[in-house]
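**Student:**
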Amino acid sequence: KAMLELLYATGMRVTELVSLNVDDMDLVAGYVRCLGKGSKERIIPLGEEAVASMEKYLLESRSQLVRNSLEKALFLNHWGQRLTRQGFWLILKGYGKSAKINTSLTPHTLRHSFATHMLTNGADLRSVQELLGHANISTTQIYTHLSNDRLHQVYDSAHPRAKLVETPAK
2 KAMLELLYAT GMRVTELVSL NVDDMDLVAG YVRCLGKGSK ERIIPLGEEA
52 VASMEKYLLE SRSQLVRNSL EKALFLNHWG QRLTRQGFWL ILKGYGKSAK
102 INTSLTPHTL RHSFATHMLT NGADLRSVQE LLGHANISTT QIYTHLSNDR
152 LHQVYDSAHP RAKLVETPAK
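Heads up, the sequence shown is in our numbering, so the first residue is 2 and it goes up one at a time.
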């Protein structure tokens, strides 16, 4: 659960997620340090749900999985070693199946949901670009396909002449 929460809360790529080390997390300050494509580091804030999930994971799950006290990896498999992308994929598939999600559920689905929800709820494109670790804003613009309802809502609330005068029915 902590991995899914962290992936959705941050918009990380799955490779970035499984590459995290314990010392990349600062749960007191509420952020995670992530090494993205091209070894570009970014600091991503964490919400309360993500912090709570990570605290629970570290106390209850990771402590049971770790075999070597020197292990730096944040997320571990059943052998106490760093979880792989494929291992995460199997976990995600299992959660999807138990939740009876019939559509294609991939790690990128959570990244896509993160970006779409951030933009839908008013985040600016440039900030979302930074959070996702995109080098070019054009890559981030893929996520801007807002629904017509949302566009009307924004238009109605922001444009001074948005409210059309109703014409009487004939």
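Where a beta carbon is used, it is the ideal one built from N, C-alpha and C, also for glycine. The structure displayed is predicted, hence computed values, not measured ones.
Which stretch, first to last residue, makes up the alpha helix (DSSP H) that contains Tyr58?
**Tutor:** On the sequence shown, residue 58 is found 57 positions in, with the first residue counted as 1. It is not in any alpha helix (DSSP H) - Tyr58 carries neither H nor E in the DSSP assignment.
**Student:** Using DSSP with H/G/I as helix, E/B as strand and the rest coil, what is Met119?
**Tutor:** Position 118 of the sequence shown holds residue 119. Correct three-state label for Met119: helix.
**Student:** Measuring alpha carbon to alpha carbon, tell me which of Trp80, Val129, Ser54 ends up nearest Leu66.
**Tutor:** Along the sequence shown, one-based indexing puts residue 66 at 65. When only C-alpha atoms are compared, the closest one is Trp80.
**Student:** Give the single residue among Arg112, Gln142, Ala136, His113 whose Cα lies nearest to the Cα of Asp125.
**Tutor:** The residue given as residue 125 occupies position 124 in the sequence shown. The candidate whose alpha carbon is nearest that of Asp125 is Gln142.
**Student:** Classify Ala51 as buried or exposed, calling it buried when 16 or more other Cβ atoms lie within 10 Å of its own Cβ.
**Tutor:** Within the sequence shown, residue 51 is the residue found at index 50, counting from 1. With 16 or more Cβ atoms within 10 Å of its Cβ, Ala51 is classed as buried.
**Student:** Relative to the C-alpha of Gln82, which candidate in Leu91, Arg63, Leu93 has its C-alpha closest?
**Tutor:** Residue mapping note: residue 82 aligns to position 81 of the sequence shown, counting from 1. The candidate whose alpha carbon is nearest that of Gln82 is Arg63.
**Student:** Decide yes or no for the touch test of the region 20-38 against the region 85-93: beta carbon pairs closer than 8 Å, at least 3 of them.
**Tutor:** The region 20-38 is not in contact with the region 85-93.
**Student:** Check the DSSP bridge columns for Asp27 and list the partner residues they point to.
**Tutor:** Sequence index remark: in the sequence shown, residue 27 carries index 26 (1-based). Tyr32.
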